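Working notes for the structure below.
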Amino acid sequence: MKGFYGTKELTRLHLKEMFLSPAFFIVAAISTVFGYLPVRGFVNSIGSQGFKPSLSPMFANITSSLESLFSEVLVEKLFAEGPFLFAFYCAFIPMLLYVCTSSIITYHFQHDVGAIELVRFGPIRSRTYLVSLFLKDMVLILIYILYLTATFFVISRLNNLLMGPAFIQAVFVLAFVSILVCVYARLAASVTTTGIGSLSLFLIVMVLFAIVHIGSYTVINDYIRNVSTVLSWIIQWFSPFYFITLIQTGLELGAPVTVIGGLIGTLMVGTLVGFVTIWVELHKETRT
Amino acid sequence: MKRLAIYTLLVAVCCNFNLFGEVPVRTEQLLYSIAAFSGKDYALTFAKEDAGTIYLYADADNFLNIKKNFIYYWPITDMWIVDDSVLDVTFDGIVEIVDKKGNTQRIESVEYTFFNMRGKYENNWYVRTGQEALDEWDGYVKMYLDYQEAIAVYDQEYSMYQKQTTPLFYEILNVEKAGGDTEALLQQLSTFIPPSKPEMPAVYTVHPAKIQNGYRINLPPGEYSLRFVNADGRVMQNSEKTIVSVASRRSDSIGYEVFPADRWTTPSTSSSPSSVLYVDGTSDIYARPFFQDEFLDLQYQKMINNQSSGNPNLYRWVRIQQVPNSNIEVTMSGQMQVVAEQPFMVEQSTSATLGYSIVPYDPAGAHAGKSPSIVALHIPIGTADKEVTISLADGDDSIKTSSKRTIRVITGIKGELVTIFMICVPLIITLVARTIRKKKLAYLLPR
């Protein structure tokens, strides 16, 4: 049982494990609540003069924080079509983190009980196991995106809100760039020997990417921004946040070269990190 | 004794912070004083010695001047402020601008002025240089002096008029008090015509600035090196800076300034071409379409104020001017109608309640002799209208496309039960799945 068939069977098994546990469903419901709250706040902030965040205390705090950190331009763009773009980020990021961290924990649990060694000495190779975990992550993310989009669609119809092109673009871009985040989760799981170590490494890498990327957008301090811009220039080529921005900018400006560049870049970096992960796994296999 | 001395010292230090106000420390600096065109007007700012870059609008006249002044930090506004009351030194020399290819432009100082004139829609800034600047300034001074002279003549004529009419007025009062006939006196009074007060010149909204000397900078987009060369041919210390000549990323897009009838002083702006305007439908709305250009936030903010900060990665739309004589196509409930721009008057409520109403401008009737308060497009809207689409009726395809906007009427949060059900769907699925599995396992496993 090698190659495609093995990957398919293992992915099916991982998915079955995931669906039998209530955790994924609970996190899905909680994440959707995180997404619904901004929509509710947005509707409550509508007056005769349009969207006024000051009408809703929650929105007043969110928008003033975003404005002071990034600039009012970001807030204007974020809510230009309605609340769903911001709501999508609020709901999707916790779910993405959950899927990646649960996958890391599964890997280490199965490694510790000897399940991986068992299948490795049997019909399955390490890389098949890694690919199946990655595919499981992607399937879960796609299922959640479908569910979230359906929920937002119902809310939009009920409240006469628009799910505009920026939202639809964001759905595709985030789904695509999730490939890179999931690959980093696989790498973090492979390069360390403990679950805690892998989780810490994964979160540190993601937080580092986020800080450097967000730092280059801040208007708080010229020094922080300049340092972040230099750091960002160096590490942006590996950052999922950079590719999200690149593809979205390309879509906004109608620049297909930028969009294709971003998509190819994501795939290339994902493939590179994936190969490194498989190499590390094979190296561990040899040592074992 | 030692402890007492320490306490005394501590109290003295604490008091020092509270008892004496902070006096701003002034430092002498070589500054570039900048009159920067911002696409719609002229912004006055300055670049300190430690400001490495000056941002200027590309392909437009901007003016620099190099000066030595005192500056001080003003913590209330978090800004540095120039104090030219004590030290205000200008220098003779030329400005050298070097592009990336090494081509050098040498620019000499020129006399200039700028002023603001009211247009049909908004104020318009103009710049004059050289002899034109002097002529403009002279024209303004002459106009001002003529007005002063006319006022002096008016005052004289009015006091003459009062001298003639006051005794007659008292005489009429006395005759009236005595019960006599005042007809003849009143007729005599009506023969005196009061002088008319001269109108203040309304040519300028902001009068021309006093003639200044500056270096006229008009550069294509790009990055340049700037330095000031003294009359003796040496580059002045601390005068070397970078000029970033800023061009818009996208231009001639259409934005809207929208305000409801009940809050015309707090307009909303719809800049992004795909943006949606959500309103609660309790009031009609008025829209003013305007041309807008898109600039990098940091560059634009620095252009109008060199000390401000902005976002280096985000672009902002900047309003340039109102679209003249605009008509919009309003599509409501599947029916399209063209709404033309109209002048309106904002009338304060005369009753005890605060407020105002926006009424059509009537130049021949109630509003004779007055200018309209606003020129805008009236879009009637109500809570029954779910979606209204607007776009400019005139202009080329790109302008029409960028002018499309949707107005959606939102009347509070709706369907919360359905939403809660949708949120609970994952929980229901896992509950059903677990129940089925539990039953299945109970059936399979021996009791």
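Chains L and U supply the protein sequences, listed in that same order.
Position 132 of the first sequence, counting from 1, maps to 228 under our numbering, and the rest follow consecutively.
Position 90 of the second sequence, counting from 1, maps to 109 under our numbering, and the rest follow consecutively.
For every residue, glycine included, the Cβ atom is placed at its ideal position computed from N, Cα and C.
For clarity, every value in this text was computed on a predicted model and none was experimentally measured.
Same chain, Cβ closer than 6 Å to residue i, five either side skipped, listed in chain order
i: Thr384 (chain L); result: Summary for Thr384 (chain L): the model assigns pLDDT 47, below 50, so the residue's position carries little reliability; its value from the coordinates is reported in the next sentence. Closer than 6 Å at Cβ, skipping near neighbours: no residue.
i: Ser421 (chain U); result: Ser272, Ile273 and Pro292
i: Ala221 (chain U); result: none
i: Arg223 (chain L); result: Ile374
i: Ile126 (chain U); result: Val114 and Tyr234
Boundaries of the beta strand (DSSP E) in which residue i is found, first to last residue
i: Phe310 (chain U); result: Ile304 to Leu315
i: Ser293 (chain U); result: Per DSSP, Ser293 (chain U) belongs to no beta strand (DSSP E) and is neither H nor E.
i: Ser270 (chain U); result: Arg269 to Pro279
i: Phe56 (chain U); result: Arg45 to Phe56
i: Val114 (chain U); result: Gly112 to Val117
i: Pro379 (chain U); result: Tyr375 to Pro379
i: Leu83 (chain U); result: Asn81 to Trp93
Close beta carbons around residue i, own chain, < 7 Å, minus the five adjacent residues each side
i: Val195 (chain L); result: Asp233, Leu236 and Ile237
i: Leu347 (chain L); result: Gln265 and Val355
i: Tyr243 (chain L); result: Ala124
i: Lys86 (chain U); result: Leu50, Ser52, Asp107, Val108 and Thr109
For residue i, the three-state DSSP class (helix, strand or coil)
i: Met97 (chain L); result: Per-residue confidence for Met97 (chain L) stands at a pLDDT of 49, beneath the threshold of 50, marking its modelled position as unreliable; the derived number appears in the next sentence. Here Met97 (chain L) sits in coil by DSSP.
i: Leu411 (chain U); result: strand
i: Glu366 (chain U); result: strand
i: Ala171 (chain U); result: helix
i: Phe473 (chain U); result: Limits of chain U in this structure are 20 at one end and 466 at the other, which puts residue 473 (chain U) out of reach.
i: Ser228 (chain L); result: helix
i: Glu406 (chain U); result: strand
i: Arg453 (chain U); result: helix
i: His309 (chain L); result: helix
i: Tyr163 (chain U); result: helix
i: Val342 (chain U); result: coil
i: Gln356 (chain U); result: strand
i: Gln361 (chain U); result: strand
i: Arg424 (chain U); result: strand
i: Ile212 (chain U); result: coil
i: Ala383 (chain U); result: coil
i: Phe247 (chain U); result: strand
i: Asn143 (chain U); result: strand
i: Met259 (chain L); result: coil
Cβ-based burial, residue i [other Cβ within 10 Å; buried from 16]
i: Pro379 (chain U); result: exposed
i: Asp312 (chain U); result: buried
i: Pro331 (chain U); result: buried
i: Gln181 (chain U); result: exposed
i: His379 (chain L); result: exposed
i: Gly149 (chain U); result: exposed
i: Val277 (chain U); result: buried
i: Lys389 (chain U); result: exposed
i: Val105 (chain U); result: exposed
i: Tyr189 (chain U); result: exposed
i: Tyr145 (chain U); result: exposed
i: Gln167 (chain U); result: exposed
Own chain, CB closer than 8 Å to residue i, minus 5 neighbours either side, in chain order
i: Lys423 (chain U); result: Pro292, Thr408, Ile409 and Ser410
i: Ile201 (chain L); result: Gly291 and Leu295
Range of the contiguous alpha helix (DSSP H) that encloses residue i
i: Asp102 (chain U); result: That residue, Asp102 (chain U), is in no alpha helix (DSSP H); its beta strand (DSSP E) goes Met98 to Thr109.
i: Ser264 (chain U); result: No alpha helix (DSSP H) contains Ser264 (chain U), which is instead part of the beta strand (DSSP E) from Lys260 to Val265.
i: Thr345 (chain L); result: Pro336 to Leu349
i: Lys419 (chain U); result: Asp416 to Ser421
i: Glu163 (chain L); result: Pro153 to Phe166
i: Glu213 (chain L); result: Ala211 to Phe217
i: Glu202 (chain U); result: Glu202 to Ser209
Partners in chain U for residue i, counting only beta-carbon separations shorter than 9 Å
i: Gly311 (chain L); result: Here the premise fails: no neighbours, minimum Cβ distance about 11 Å.
i: Val326 (chain L); result: The premise fails here: Val326 (chain L) is roughly 12 Å from chain U at the closest Cβ pair, so nothing lies under 9 Å.
Under 7 Å from the C-beta of residue i: neighbouring residues of chain U
i: Gly346 (chain L); result: None at all; the shortest Cβ gap to chain U is about 13 Å.
i: Glu177 (chain L); result: Ser293, Ser294 and Val295
Neighbouring residues, chain L, relative to residue i (Cβ below 7 Å)
i: Leu296 (chain U); result: Gly146
i: Pro279 (chain U); result: Ser144 and Gln145
i: Arg235 (chain U); result: Simply none; closest approach about 29 Å.
8 Å Cβ cut-off: residues of chain L touching residue i
i: Phe314 (chain U); result: Under the 8 Å cutoff, chain L gives no residues; its nearest Cβ is about 10 Å from Phe314 (chain U).
i: Leu333 (chain U); result: Phe166, Ser167, Val169, Leu170, Lys173 and Tyr313
i: Ala452 (chain U); result: Phe115 and Leu116
i: Met441 (chain U); result: Thr128, Ala246, Thr247, Val250 and Ile251
i: Thr425 (chain U); result: Leu258
i: Asp299 (chain U); result: Ile142, Gly143 and Ser144
Neighbouring residues, chain U, relative to residue i (Cβ below 8 Å)
i: Ala124 (chain L); result: Pro445
i: Phe121 (chain L); result: Pro445, Leu446, Ile448 and Thr449
Partner residues on chain L for residue i, Cβ-Cβ distance less than 9 Å
i: Ser57 (chain U); result: Under the 9 Å cutoff, chain L gives no residues; its nearest Cβ is about 16 Å from Ser57 (chain U).
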